[in-house]
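All remarks here apply to the structure that follows.
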Amino acid sequence: MTKQAVIEINNVAKQYGKTDVLKDINETVRDGQVICLIGPSGAGKSTLLRCLNRLENPTSGEIKFDGQDITVLSEKELGSIRENMGMVFQSFNLFPNMTVLENLKLAPIKVKHWDDSAAEKVAYDLLERVGLTEKAQAYPASLSGGQQQRVAIARALAMNPKVMLFDEPTSALDPEMVGEVLSVMRELADDGMTMVVVTHEMGFAKQVADEVWFMADGYIQERGTAEELFDHPKTERAKDFIGKIINS
Amino acid sequence: MTKQAVIEINNVAKQYGKTDVLKDINETVRDGQVICLIGPSGAGKSTLLRCLNRLENPTSGEIKFDGQDITVLSEKELGSIRENMGMVFQSFNLFPNMTVLENLKLAPIKVKHWDDSAAEKVAYDLLERVGLTEKAQAYPASLSGGQQQRVAIARALAMNPKVMLFDEPTSALDPEMVGEVLSVMRELADDGMTMVVVTHEMGFAKQVADEVWFMADGYIQERGTAEELFDHPKTERAKDFIGKIINS
Amino acid sequence: MKTIKQLFAILAVLVVSFTIIQGQPAIAHAATDDSLAAIQKRGKLVMATSPDYPPYEFQTNQKGKSKVVGMDVSIAKQIAKDLHVKLVIKSMTFDSLLVALETGKADMVMAGMNPTPERRQSVDFSDIYYVGGQDFLVNKDEASKYPNQKSLANQKVGAQTGTLQYNLAKKHIPGVTVKGMDKGADLILALKTHKLVAVGMEKPAAEAYVKNDPSLVAISSTYNLDENSSGSAIAFRKGSDSLVTAVNKSLKDIKQDNLIHKVYLKDAGKYMKVNTANTSMGHYWTYFAKGVQYTLIIAAVSGVIGVVLGVLLALMRLSKVKVFKWLSVSYIEFVRGTPLMVQVLFVYFGVGVIVNLPALISGIIAVSLNSGAYIAEIIRGGIDSVSKGQDEAAQSLGLSRSDIMKSVILPQALKNIWPALGNEFISLIKESSIVSIIGVTDLIYQLNIVRADTYRGVMPVFIAMVLYFIMTFGLTRILNHFEGRMQHD
Amino acid sequence: MKTIKQLFAILAVLVVSFTIIQGQPAIAHAATDDSLAAIQKRGKLVMATSPDYPPYEFQTNQKGKSKVVGMDVSIAKQIAKDLHVKLVIKSMTFDSLLVALETGKADMVMAGMNPTPERRQSVDFSDIYYVGGQDFLVNKDEASKYPNQKSLANQKVGAQTGTLQYNLAKKHIPGVTVKGMDKGADLILALKTHKLVAVGMEKPAAEAYVKNDPSLVAISSTYNLDENSSGSAIAFRKGSDSLVTAVNKSLKDIKQDNLIHKVYLKDAGKYMKVNTANTSMGHYWTYFAKGVQYTLIIAAVSGVIGVVLGVLLALMRLSKVKVFKWLSVSYIEFVRGTPLMVQVLFVYFGVGVIVNLPALISGIIAVSLNSGAYIAEIIRGGIDSVSKGQDEAAQSLGLSRSDIMKSVILPQALKNIWPALGNEFISLIKESSIVSIIGVTDLIYQLNIVRADTYRGVMPVFIAMVLYFIMTFGLTRILNHFEGRMQHD
Ligand SMILES: Nc1ncnc2c1ncn2[C@@H]1O[C@H](COP(=O)(O)OP(=O)(O)OP(=O)(O)O)[C@@H](O)[C@H]1O
Ligand SMILES: Nc1ncnc2c1ncn2[C@@H]1O[C@H](COP(=O)(O)OP(=O)(O)OP(=O)(O)O)[C@@H](O)[C@H]1O
Ligand SMILES: [Mg+2]
Ligand SMILES: [Mg+2]
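Protein sequences appear in the order of chains A, B, C and D. Using this note's numbering, the first residue of the first sequence is number 98, and each one after it goes up by one. Using this note's numbering, the first residue of the second sequence is number 98, and each one after it goes up by one. Using this note's numbering, the first residue of the third sequence is number 15, and each one after it goes up by one. Using this note's numbering, the first residue of the fourth sequence is number 15, and each one after it goes up by one.
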């Protein structure tokens, strides 16, 4: 039995000025699925991800979240959608003027209007989950990259989202810190979180991904399990790309 | 028959203020060897590399290049040493105010006082070697990361050095560009160039490196072939680190 | 003005008397008075005047030709008509008038001259034909509030510093605050902006202002002044009784018909109107043009010197020689820590002790020294802005320090600092305005001249403002153009 | 000064005469002259003077007590001694002196007064005791080059604008260029810096300068002036013949012994020296303190208003409403494209047309409006400097626009702009110097007063410079302190 569709992407296209970045995307993300999105630089991976929570608005097409078309929502109505979609960025984007704890408490207090103690409880639970309880009072600048990214994941989780979006979460990290972030993500996937992850960590994709999408030139060129895609790419474009990243 | 020592590092230590970055390094690089230097962030890998061509001066100890102690050379005398040691950086560091060709010609003309046509000939030879002849007149900003790094390698080679130093040459690159740079480096190694490479590309190390040095806390903790070090690390420190980078 | 004129006249008389006593050949002090006959025989009456005192007599430009007009001229014309002769007008400085009379170069002098006892000793005077007296200018909309001198009690009244009007007001208006200013135009402005309720002024000047500005009215003062100090009469050589008698007859007729107020002053007013029309802002464009020119010269020269000085200071600051570094840092910090205005004064007065410098040079030196400090910091910032990696890459290729600077660092630094340098040049245009305080004829200085000349307070300021904006905006455009051409990426 | 005094006196006489004619009870015009007897009976001689005319008469501060001294006072003392009575000195304004005489409040008036014919009509005068005359000041090192008036031909000579000296020089020195300036101190400075070769001045004033400044010498003019205009005499009530006779006897003795030049002027000079000693820079600290105070007030108030205005303009510029954006951009560009100096003039004269604003308020408004534009750009830059990622991260958490601004963007922006904002506040201190041109008593204005008062050109400028530096340096330190406290990383 196929699970229920959480995100439906129908005929989505996106232009910046005259350049077509997304050309005609039609995909579905189902409840509990982990999707890995791969593809060369400039393919439009980040753009697609950012369309999902309306950081960008598609030029045409519709994106349904829980059956609701989010492309027609006003700026004000977006809040409720974004609460339900956590996002983690390549460059962490923690708020440097707040402690780790304050980073985690900000959104629950401001958006969900929780009281301070409730927010603090949830924050500490999440810090324990990412293994950083002792850094609660630290400022982001004093943390290593891996630690910052784990805090960023916790911060997104603090809103208790239905879906998590990751945009190359490990590519700004020193190699020995990649593992700690991936393991947090792996646990998240194991707990049944619906996830869309832009990544080139093939190990992670093979272990966790239900589906890998290969994107190039504004289209999803190929779709399949990690094994299908990495070991037996069908299109020339995919063969070439996968050859390059395995070769290194 | 062991080849002749090109670089000898004897009791080298380096402090920045009160922090000991290098503590007591004793190593030898022999003619034609390819050394890979690995280790966690902050271990002192870049510092050691930069001591080899006197971008930094060790606090104590001596570094011999072709039998000559370079730590005692004056600023003026360094030119002749540096001519013989090419260096390639993580961030490419091409001169943005010059075309690719001008980047390559600058040092031969200024340092070796070649005439323009001789320098140009060598530059074109090298561009062919790295596969970028058609980019001769382009400015660096119009090149991809992988292309820039290949130009940087060609630029270092233009001085016809005896040794090449690489400091994480691929870690600022998009994954699909890593391969093209590594293959240039591989060819260089095959041609018998003496190389010291800071990298975390295990595939490259396994294929090319004669020796891998594992550095942590200011010491070379372990030394061996790639297989020895990656598959059977002896020290705890190395086990932990290699576990982390393989894990990802 | 009148005050000075009086003093002058006294001196002139003294000098003339002295000359005569010394035995110089005095001309035609005929015992028999043929003064009138001589004129009628010649057929022309020579009048000497000093045409800088409207509405009495002043120059006007009509169709490019300068002409002496005014109340005195009208009267003189009437007199000449009555005598059936032609009127010839000779213009000279006020203090030469009586000398001209004594030496026979003129038959009479009309110049709003007061027949003071001193003057009466050396020349004859006609009857008094006009009593100027003292007026106050007030705003028309407040005319009902301040109808007379009495109503000015306890108010703020303005007058030119050090003039009769200033002292009169201080002395005779109870409880008054007298505000002294240097320039008539500033007083009028202060009045119109209600910083003052009235301005004390000689009647004809006041009337001239009123004619030129419908928002002002004049009210008469009630100071008690004697006619000999405030009335005007025509001066003749001593013993010209027949001429004086004839002229007095004419004057009597003029008075009877009230021609002075009814016709002559109005005519004079008309000329003054023409003058004002001619002196609209457009008419002063040469003034503004000169100001713009000086402003640009100062900015350009200072900019060039500033760059040279800036490079020097920046290299000193980056040098390894401690003394150079320290000197450069101290200089830069001190200059950046004090206002340009005080630096301009310091150079003008301080350096002036050693060598004699004109104001323009002093101004350029001060602005250059100032911008040098700022440019030095910009250059240093530019060098710092070139990433350390560039330096290291160049070093690892074996390039020498100077080659690295020349080929790698400076070209990139220059590109990086171009916008900041551009801003500095734009600042220079603006800051050069400060040299006006030491009397350099830059745009601000010229603006003040135009302001004083036209009695218009805001318009010249506004025009200067627009001109400055055009200059800075234009420069911005030019700089952006060059910046575009420097881009490689 | 003397010129004005003369005019004043004329008026005073006129007024007094008028009063008498009007039938006011005139005092003691005794037919029988008991003037001398009365004084001797009372045992005191009351002298009225106006002590603001060194070296004739002036106030001096000794041990905190103010005292009238000077040549006239010395002479009066001698006279009183000769008459065997005590001298009582009454100080009043120059124009009240003759009134005081007429109304019996004083027995005699000594105030460097010239016995002009007008005055002679209402009062009696003693013999002339001192002929001031006209001098030129020249530099001592050039004294041999310019030994007399003749040698000044074709040279640059200075004089106060609009004075007798100015006109005399212009008229009587062949080929001369007369440079007029407003302030005596500026003239001296121009002389000492060799911008002028000589400065025309009344003899006693010239001598005062010479006494105070060893690098200057005075040379006499050869203008021919009559004693009644340039000599000084003592005024008495009409008909005080016996007193006048007695006084003339004293004066004759004084002249015979050459006491005036040998003793009195020297004594006066000493007092002036004391005055100058007292008026060293330290003595003027209150002036500088007031200047610093005003400068800081202007900078602080303008800074606060500027920040408010700046936030407003920045938000307008970032707003999506086109009109707001356009208004803000135009305002900012225009203000940044024109000099503060012209803006100050514009506000003072322009806004003054609508409401009556004191100079201080005008100055603060202009500086605020100016800094508002710069601060707006700093704030906008600060907001831009917060990486886009921060905004996106906050958005993706579902935060509202205003929460993002308040909690994420502005705190980081503030930290980023702190140094730039600090620089702007420092600029404010420096730029507030420009309001001195509209007469606000800031540090520059005060410096100019001290300069005029002390005849010292460079020192006050230098002191102001140091004070400015202390202010800006101090502020830099304070700002750095706060910047340090804002760092989280
Ligand atoms: N705001 C923007 N304005 C104009 N062009 C943009 C903008 N954002 C992205 N682009 C362009 O859209 C294209 C796709 O960008 P995108 O960031 O989605 O690629 P990507 O697949 O994430 O690449 P990478 O692996 O480098 O992150 C690129 O060519 C990029 O230059
Ligand atoms: N110029 C410097 N001044 C002070 N400390 C420095 C300097 N350069 C490096 N360090 C410190 O020396 C230590 C080693 O730095 P180094 O760059 O050699 O490490 P690395 O092994 O190359 O790490 P990475 O993998 O992050 O490049 C670090 O703790 C770093 O902070
Ligand atoms: Mg991307
Ligand atoms: Mg490193």
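Here a beta-carbon is modelled for each residue, glycine too, at the ideal position from N, C-alpha and C.
| Going along the chain, which residues of the stretch 207 to 223 of chain B sit with their C-beta nearer than 9 Å to a C-beta in chain A? | Correct list: empty, as no residue qualifies.
| message | Tell me the residue span of the alpha helix (DSSP H) that contains V275(A). | response | Against the first sequence, residue 275(A) aligns to sequence position 178. Note, V275(A): alpha helix (DSSP H), P272 to D287.
| field | Residues proximal to ligand 1 by C-beta, any heavy atom closer than 5 Å | value | With the cut-off at 5 Å, the residues found are Y113(A), V118(A), S138(A), G139(A), A140(A), G141(A), K142(A), S143(A) and T144(A).
| For T259(D), which of helix, strand or coil comes out of DSSP? | Here residue 259(D) is taken as the residue at index 245 of the fourth sequence, counted from 1. Shown here, T259(D) sits in a helix according to DSSP, grouped into three states.
| Straight-line Cα distance separating M61(C) from L115(C) | On the third sequence, position 101 is the one that residue 115(C) refers to. On the third sequence, position 47 is the one that residue 61(C) refers to. Rounded to whole angstroms, L115(C) to M61(C) spans 9 Å at the Cα level.
| query | Are the beta-carbon atoms belonging to V261(C) and I248(C) less than 8 Å from one another? | reply | Residue 261(C) sits at position 247 when you count from the first residue of the third sequence. Residue 248(C) sits at position 234 when you count from the first residue of the third sequence. In contact: V261(C) and I248(C) (Cβ atoms closer than 8 Å).
| Contact belief for K217(D) with D149(D) at Cβ below 8 Å, rounded distance in angstroms | The count along the fourth sequence starts at 1 and reaches residue 217(D) at position 203. The count along the fourth sequence starts at 1 and reaches residue 149(D) at position 135. Correct: roughly 5 Å between the Cβ atoms.
| query | Which of helix, strand or coil does DSSP assign to Q169(C)? | reply | In the third sequence, counting from the first residue as 1, residue 169(C) sits at position 155. Residue state, collapsed to three classes: coil.
| By DSSP, does S136(C) sit in helix, in strand, or in coil? | In the third sequence, the residue the question calls residue 136(C) occupies position 122. S136(C): helix per DSSP, three-state reduction.
| query | Smallest Cα separation from S273(A): which of D117(B), S157(B) and G340(B)? | reply | Numbered from its first residue, the first sequence carries residue 273(A) at position 176. Looking at the sequence shown, residue 273(A) is not Ser but Glu. Comparing alpha carbon positions, the residue from D117(B), S157(B) and G340(B) closest to E273(A) is G340(B).
| request: With a cut-off of 8 Å on the beta carbons, I'd call L481(C) and L457(C) a contact; round off their distance for me. | output: On the third sequence, position 467 is the one that residue 481(C) refers to. On the third sequence, position 443 is the one that residue 457(C) refers to. About 6 Å separates the CB atoms of L481(C) and L457(C); that is less than 8 Å, so the two are in contact.
| said: Distance cutoff 8 Å, beta carbons only. Does K336(A) sit that close to anything in chain B? | reply: Counting from 1 along the first sequence, the entry for residue 336(A) is found at position 239. Chain B contact via Cβ: absent.
| request: May I ask you to list the residues that DSSP assigns as paired with K104(D)? | output: As a first step, residue 104(D) is located in the fourth sequence; it is residue number 90 there, counting from the start. Residue pairing by DSSP places K104(D) opposite A62(D) in a beta bridge.
| said: Suppose you measure from the CA of S214(A) to the CA of V315(D); what does that come to, to the nearest Å? | reply: The residue you call residue 214(A) lines up with position 117 of the first sequence. The residue you call residue 315(D) lines up with position 301 of the fourth sequence. Between S214(A) and V315(D), the C-alpha separation is close to 42 Å.
| Residues that G245(C) bridges to, as DSSP identifies them | As a working note, residue 245(C) is residue 231 in the third sequence. For G245(C), DSSP records a beta bridge to V145(C).
| task | With 8 Å as the threshold, decide whether the Cβ of W123(C) is near any Cβ in chain D. | result | Here residue 123(C) refers to the residue found at position 109 when the third sequence is read from its first residue. A small fix is needed here, since residue 123(C) is Val in this sequence, not Trp. It does not; no Cβ of chain D falls within 8 Å.
| task | Let me know if A303(C) comes out buried or exposed under the rule of 16 or more other beta-carbons within 10 Å of its beta-carbon. | result | For the purposes of this step, residue 303(C) is taken as residue 289 along the third sequence, with counting starting at 1. Per the 10 Å Cβ criterion, exposed.
| Closer than 8 Å, CB to CB, is Y160(C) near chain D or not? | For the purposes of this step, residue 160(C) is taken as residue 146 along the third sequence, with counting starting at 1. Contacts with chain D at 8 Å (Cβ-Cβ) do not include Y160(C).
| said: Give me the residue from L119(B), V131(B), K173(B) and K115(B) with the minimum Cα distance to I104(B). | reply: The sequence position of residue 104(B) within the second sequence is 7, counting from 1. Just measuring C-alpha positions, the residue of L119(B), V131(B), K173(B) and K115(B) sitting nearest I104(B) is V131(B).
| What does G146(C) touch in chain D if you count any residue whose Cβ is under 7 Å from its own? | On the third sequence, position 132 is the one that residue 146(C) refers to. Correct list: empty, because the minimum Cβ distance to chain D is about 15 Å.
| query | Since V305(A) is in the beta strand (DSSP E), which residue starts that stretch and which ends it? | reply | By 1-based counting over the first sequence, the position of residue 305(A) is 208. For V305(A), no beta strand (DSSP E) encloses it; the enclosing alpha helix (DSSP H) starts and ends at M299 to V305.
| query | Exposed or buried, which one is K331(B) when buried takes at least 16 other CB atoms within 10 Å? | reply | As a position in the second sequence, residue 331(B) is number 234, starting the count at 1. Looking at its Cβ environment, which holds fewer than 16 other Cβ atoms inside 10 Å, K331(B) is exposed.
| request: Can you grab the Cα-Cα spacing for the pair A90(C) / D281(D), in whole Å? | output: Here residue 90(C) is taken as the residue at index 76 of the third sequence, counted from 1. Here residue 281(D) is taken as the residue at index 267 of the fourth sequence, counted from 1. About 57 Å.
| Should the stretch 136 to 156 of chain B be regarded as contacting the stretch 192 to 202 of chain B, the criterion being three or more beta carbon pairs within less than 8 Å? | Contact annotation: the stretch 136 to 156 of chain B does not touch the stretch 192 to 202 of chain B, with fewer than three C-beta pairs closer than 8 Å.
| Alpha carbon to alpha carbon, how far is A216(B) from A255(B)? | Start at 1 with the first residue of the second sequence, and residue 216(B) comes out as number 119. Start at 1 with the first residue of the second sequence, and residue 255(B) comes out as number 158. The alpha-carbon atoms of A216(B) and A255(B) are separated by roughly 8 Å.
| query | What residues from chain A crowd round K341(B), counting only those whose CB sits closer than 7 Å? | reply | Taking the first residue of the second sequence as position 1, residue 341(B) is located at position 244. Those are E273 and G276, listed as they occur along chain A.
| Can you tell which of Y144(D), S49(D) and G386(D) has the C-alpha that lies nearest to the C-alpha of L128(D)? | Position 114 of the fourth sequence, counted from the first residue, corresponds to residue 128(D). Going by the sequence as given, residue 128(D) is Asn instead of Leu. The shortest C-alpha separation from N128(D) is found at Y144(D).
| said: Here's the rule: buried if 16 or more other CB atoms are within 10 angstroms of the residue's CB, otherwise exposed. What is I492(C)? | reply: Mapped onto the third sequence, residue 492(C) falls at position 478. Classification of I492(C): exposed, given that the 10 Å Cβ count is below 16.
| message | Assuming M330(D) is part of the alpha helix (DSSP H), what are its boundary residues? | response | For the purposes of this step, residue 330(D) is taken as residue 316 along the fourth sequence, with counting starting at 1. DSSP places M330(D) inside the alpha helix (DSSP H), whose first and last residues are W299 to L332.
| request: Any chance you could list the beta strand (DSSP E) runs of at least 3 consecutive residues sitting entirely within the stretch 228 to 273 of chain A, in chain order? | output: Segments of the beta strand (DSSP E) lying fully in the stretch 228 to 273 of chain A: 260 to 264.
| query | Taking 7 Å as the line, does the beta carbon of E406(D) fall inside it for any heavy atom of ligand 3? | reply | What you label residue 406(D) is simply residue 392 of the fourth sequence in a count that begins at 1. It does not: the Cβ of E406(D) is nowhere closer than 7 Å to a heavy atom of ligand 3.
| query | At which residue ranges does the stretch 353 to 385 of chain C contain complete alpha helix (DSSP H) runs of 4 or more residues, listed in the order of the chain? | reply | For the stretch 353 to 385 of chain C, whole alpha helix (DSSP H) runs of length 4 or above, ordered along the chain, are 354 to 359.
| message | Run through chain D and tell me which residues come within less than 7 Å of E180(A), C-beta to C-beta. | response | Indexing the first sequence from 1 puts residue 180(A) at position 83. Near E180(A) (Cβ distances below 7 Å), the residues of chain D are G412.
| field | Best match in I393(D), K154(D) and S447(D) for proximity to L435(D) [C-alpha to C-alpha] | value | Within the fourth sequence, numbered from 1, the residue matching residue 435(D) stands at position 421. It is I393(D) whose Cα lies nearest to the Cα of L435(D).
| query | For D96(C), which residues from the same chain have a beta carbon less than 8 Å from its beta carbon, with the 5 sequence-adjacent residues on both sides left out? | reply | Counting from one through the third sequence, the residue named residue 96(C) turns up at place 82. Closer than 8 Å at Cβ, skipping near neighbours: A260, K263, S264 and D267.
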